[in-house]
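Engineer: Numbering (my numbering), first residue to last: 3 to 828.
Glycine residues also receive a C-beta, built at the ideal position from the N, C-alpha and C atoms.
1) Might you give, ordered along the chain, the residues of its own chain that have their beta carbon closer than 8 angstroms to the beta carbon of residue 241, omitting 5 neighbours on each side?
2) Taking the alpha-carbon positions, what's the residue 316 to residue 364 distance?
3) Nearest to residue 544 by CA position, among 581, 337, 526, 304, is which residue?
4) Take residue 737 as the anchor and find which of 731, 718, 713 has the nearest alpha-carbon.
5) Quick one: grab the DSSP three-state call for residue 686.
6) According to the Cβ coordinates, are residue 675 and residue 624 closer than 7 angstroms?
7) Looking at the structure shown, is residue 187 part of a helix, part of a strand, or coil, going by DSSP?
8) Per DSSP, what kind of secondary structure is residue 553 in: helix, strand or coil?
9) Determine the direct distance from the alpha carbon of residue 374 to that of residue 425, and round the result to whole angstroms.
10) Where does residue 371 fall in DSSP's three states?
11) Relative to the C-alpha of residue 108, which candidate in 119, 100, 98 has its C-alpha closest?
12) Distance check for residue 414 and residue 340, CA to CA, integer angstroms please.
13) For residue 352 and residue 181, what's the separation of their Cα atoms in angstroms?
14) Could you check the C-alpha separation between residue 89 and residue 131 for me, to the nearest Å?
15) Where does residue 775 land, buried or exposed, given buried means 16+ other C-beta within 10 angstroms?
16) Considering Cα atoms alone, identify which of 586, 275, 284 is closest to residue 168.
17) If the criterion is Cβ atoms closer than 7 angstroms, does the pair residue 193 and residue 183 meet it?
18) Could you say which of 198, 292, 97, 633 lies nearest to residue 139 if we only look at CA atoms?
19) So if DSSP puts residue 401 in a beta bridge, which residue, or which two residues, is it bridged to?
20) Would you check if the distance between the CB atom of residue 261 and the CB atom of residue 226 is smaller than 7 angstroms?
21) In or out: residue 393 buried (at least 16 other Cβ within 10 Å) or exposed?
22) For residue 575, which option in 465, 656, 761 has the closest C-alpha, if you only look at C-alpha atoms?
23) Quick one: what's got a C-beta closer than 7 angstroms to residue 470's C-beta in the same chain, skipping five residues either side?
24) Using only the alpha-carbon positions, how far apart do residue 366 and residue 360 sit?
25) Using DSSP's beta-bridge definition, name the partner residues of residue 272.
26) Which stretch, first to last residue, makes up the alpha helix (DSSP H) that contains residue 337?
27) Let me know if residue 771 comes out buried or exposed under the rule of 16 or more other beta-carbons within 10 Å of its beta-carbon.
28) Looking only at its chain, what residues have a beta carbon closer than 6 angstroms to the beta carbon of residue 412, apart from the 5 residues adjacent to it on each side?
29) Is the distance from the Cβ of residue 806 to the Cβ of residue 784 below 7 angstroms?
30) To the nearest whole angstrom, what separates the beta carbons of residue 149 and residue 127, a pair I think is in contact under 8 angstroms?
31) With hydrogens ignored, establish whether the beta-carbon of residue 712 is closer than 6 angstroms to any heavy atom of the ligand SAH.
32) Please classify residue 692: does DSSP put it in a helix, a strand, or coil?
33) At 3 residues or longer, and completely inside the region 533-600: list those beta strand (DSSP E) runs for me, N to C.
34) Is the separation between the beta-carbon of residue 153 and that of residue 166 shorter than 7 angstroms?
35) Taking residue 628 and residue 583 to be in contact with their CB atoms under 8 angstroms, please state how far apart those CB atoms are, rounded to whole angstroms.
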């Protein structure tokens, strides 16, 4: 045979019967290959010539099969018995893949006997390979379906079933990954993965899937759940629907996927999604089988969920029956079972036996109307819920076996026992609660009255504060006029009268501040017995002969911390009020009692602010005068309220009493009956201390010093400048605390003492004093205020560097002695 055969030589001459449309001749001497034109038309990278070298052949063989091809061809050349053909994939000009079978038909030998060429036939076996693969897939799928059916049949746990199905799909079905997701009915319509098997590596965590009609809900899983139909991606590398997840899918080797809805009677539960490592892995037959698998799985899920629900319901029923029996036998809650047809008592628990006092067999022989003493007709109304299948709550009066009556709240609900509709009633004894509610109503009324008085007091205190600022220059100028040049003695009388009028105004303001509880008082440990005796001595001249006073004074009462003049004022005002109630009656009796009591639960209920178990002195002043009605009693502590004629009273007496008592951390009550009299009870906390000794003030002579005075009131600035000059002090008066602070910082040593107002728009007096104290800790500072209540929040004074507090309007002597006391002491 020749060494070379051209492409146009007749293959029939070489190999009789060969199909010249499918031949392949390789001349090993010059590495030239001749192919049939039919083969060349399908092969890529071939120009159309029918002869080319082996390097060109390499370009048409799939890269994955090249090693296999050349190894097999070498075996053919060696004329090995088992090497008769080679199967490989060819890449066509269009880029498609075709399966080719190369058969060795004949060998050419050179003169030395070596192989010089080889001739073979070529066949396209693509369809045969596909059929073989399809059969293999079908067998795998059938086995997979069978295994899944067995898993569903024997399943007892939903989670285990889902994981078993995914495992079977991956291991037997030879897929890359499988997972099951349940549809959630939340706002995002999210899909929750509940089982997965295969190469996943966090893929599901990156999905953020939804079954809503949005970008992340238009993938196979979301679409399958939303539409209830199978959804797939044939090629995940090119399908535009995979854009949100493509990079993650490619990194895990996914090439195609299919999602199958899991449907039950209620709709779509979720989806089974399967991933393959090859494109277009799911043909029609595979899809049908997987659809059957999804339907079977959905049935299995529903079966397990139904079984679990039944078991849960049965267990709940058992627990409910046990709870009912346990609850009904409760020894603390009264329960009755009543037949609504005739009202007979069908059952009663031990608590009902203990509450009503009848034995159980006695209750069984009774009807509810024998216990319920609510007016006729209402017990029958209590039975209506059993017929209307509604819960009902009613307040009733029930009779006990000893004849006593109790207020009860009955909660009734229909219940069916052994097919008969009965009434299940819970009986709550609310007798004590009703009493507490009545006390609460009384307490709320007392609280509203206190709040009203506090509001009026705040208003009165504010007015008094402004009025004190006005009085200060009036009293100051008048006082300076009185102690002026003796040659002007004729004017002294006028200034004295101005001072007297100012003092009366000052005292009136003091009363208003007392009512508003804004007045600072001087308190000391005192004997209230002695105060009562002093007050009665003051009252004695004004008590008519027809009025008799009885005293019941417990001399063992403990001391109290109080202002004796204010406590005396309380006693005098209450006694005067008693005397006024007897006008026109021809006489009467006033009883004054004093004892020591402890704040028990009864008093705490009336006065919540009282300290528990704290001893109090109880001062009671009673009369048998005309008394008051409830409307009058509700307003007696209001300022300016009076039942007397306009010329007979101011209406401040009892309001001052109330203010003084509350200001001493005490309480006051009033009881009165029209035509029978009135009784006031005053409670003041006792102290375990001895009576204070009296401290005497000494007025010192003025000394030479420099004073910084700060007040935003122009009249006060002018008056204080003149007063301080008359007293011999050097004064620098400023209306701005900020400017005064800056002046002080420049040279703290230029001032020996600072006097400041409390309330100023730029800066509060306490803040100004604190700033000064930080600069010069030893600097004496006097704080002046026209509103005593302001003092409460600046205690302790040392915290702000404040040495003394003076109330406006301050008298010249008081101011001088205070300054001298501080400077001499310093």
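Structural biologist: With the given structure in hand:
1) As a first step, residue 241 is located in the chain shown; it is residue number 239 there, counting from the start. Result list for residue 241: 235, in chain order.
2) The sequence position of residue 316 within the chain shown is 314, counting from 1. The sequence position of residue 364 within the chain shown is 362, counting from 1. About 36 angstroms.
3) If you number the chain shown from 1, residue 544 lands on position 542. Out of 581, 337, 526, 304, 581 has the C-alpha closest to the C-alpha of residue 544.
4) By one-based count along the chain shown, residue 737 stands at place 735. Closest by alpha carbon: 713.
5) Locating residue 686 in the chain shown gives position 684, counting from the first residue. Correct three-state label for residue 686: strand.
6) As a first step, residue 675 is located in the chain shown; it is residue number 673 there, counting from the start. As a first step, residue 624 is located in the chain shown; it is residue number 622 there, counting from the start. The answer is no: Cβ separation not under 7 angstroms.
7) For the purposes of this step, residue 187 is taken as the residue at position 185 of the chain shown. Of the three classes helix, strand and coil, the one that applies to residue 187 here is coil, per DSSP.
8) The count along the chain shown starts at 1 and reaches residue 553 at position 551. Three-state result, residue 553: strand.
9) The residue given as residue 425 occupies position 423 in the chain shown. The residue given as residue 374 occupies position 372 in the chain shown. Each residue's Cα considered, the two are about 15 angstroms apart.
10) Counting from one through the chain shown, the residue named residue 371 turns up at place 369. If DSSP states are grouped into helix, strand and coil, residue 371 belongs with the helices.
11) The count along the chain shown starts at 1 and reaches residue 108 at position 106. For the residues 119, 100, 98, the minimum Cα distance to residue 108 belongs to 119.
12) The count along the chain shown starts at 1 and reaches residue 340 at position 338. The count along the chain shown starts at 1 and reaches residue 414 at position 412. Taking the straight line joining both Cα atoms gives about 10 angstroms.
13) Residue 352 sits at position 350 when you count from the first residue of the chain shown. Residue 181 sits at position 179 when you count from the first residue of the chain shown. Cα to Cα, residue 352 sits roughly 58 angstroms from residue 181.
14) Your numbering for residue 89 matches position 87 in the chain shown. Your numbering for residue 131 matches position 129 in the chain shown. Distance between the alpha carbons of residue 89 and residue 131 is about 10 angstroms.
15) In the chain shown, counting from the first residue as 1, residue 775 sits at position 773. It counts as buried.
16) As a working mapping, residue 168 is identified with position 166 in the chain shown. Ranking the options by Cα distance to residue 168, first place goes to 275.
17) Here residue 193 is taken as the residue at index 191 of the chain shown, counted from 1. Here residue 183 is taken as the residue at index 181 of the chain shown, counted from 1. Yes, the Cβ-Cβ distance between residue 193 and residue 183 is below 7 angstroms.
18) To locate residue 139, count along the chain shown from 1; it is residue 137. For residue 139, the closest alpha carbon among the candidates 198, 292, 97, 633 is that of 292.
19) Working through the chain shown from its first residue, we reach residue 401 at position 399. Residue 401 is bridged to 407.
20) Position 259 of the chain shown, counted from the start, is the residue given in the question as residue 261. Position 224 of the chain shown, counted from the start, is the residue given in the question as residue 226. Yes, the Cβ-Cβ distance between residue 261 and residue 226 is below 7 angstroms.
21) In the chain shown, the residue the question calls residue 393 occupies position 391. Exposed is the label assigned to residue 393, since fewer than 16 other Cβ atoms lie within 10 Å of its Cβ.
22) Taking the first residue of the chain shown as 1, we reach residue 575 at position 573. The shortest Cα separation from residue 575 among 465, 656, 761 belongs to 656.
23) Residue 470 sits at position 468 when you count from the first residue of the chain shown. So the list reads 511, 788, 810, 811, once near-sequence residues are dropped.
24) Mapped onto the chain shown, residue 366 falls at position 364. Mapped onto the chain shown, residue 360 falls at position 358. In a straight line, the C-alpha of residue 366 is about 10 angstroms away from that of residue 360.
25) Reading the chain shown from its first residue, position 270 is the one you call residue 272. Residue 272 is bridged to 184, 264.
26) Start at 1 with the first residue of the chain shown, and residue 337 comes out as number 335. Looking at the DSSP string, residue 337 is not in any alpha helix (DSSP H); the run it does join, the beta strand (DSSP E), is 336-340.
27) The sequence position of residue 771 within the chain shown is 769, counting from 1. Flag for residue 771 reads buried.
28) Residue numbering aside, residue 412 sits at position 410 when the chain shown is read from its first letter. Only 396, 398, 427, 429 meet the Cβ criterion.
29) Within the chain shown, residue 806 is the residue found at index 804, counting from 1. Within the chain shown, residue 784 is the residue found at index 782, counting from 1. Contact flag set, yes.
30) In the chain shown, residue 149 corresponds to position 147, counting from 1. In the chain shown, residue 127 corresponds to position 125, counting from 1. Contact doesn't hold; Cβ gap of about 32 angstroms is too wide.
31) This structure simply doesn't include the ligand SAH, nor any ligand for that matter.
32) By one-based count along the chain shown, residue 692 stands at place 690. Of the three classes helix, strand and coil, the one that applies to residue 692 here is coil, per DSSP.
33) 549-555, 561-564, 590-600
34) One-based indexing of the chain shown puts residue 153 at position 151. One-based indexing of the chain shown puts residue 166 at position 164. Contact: yes.
35) By one-based count along the chain shown, residue 628 stands at place 626. By one-based count along the chain shown, residue 583 stands at place 581. About 5 angstroms separates the two Cβ atoms, so the contact holds.
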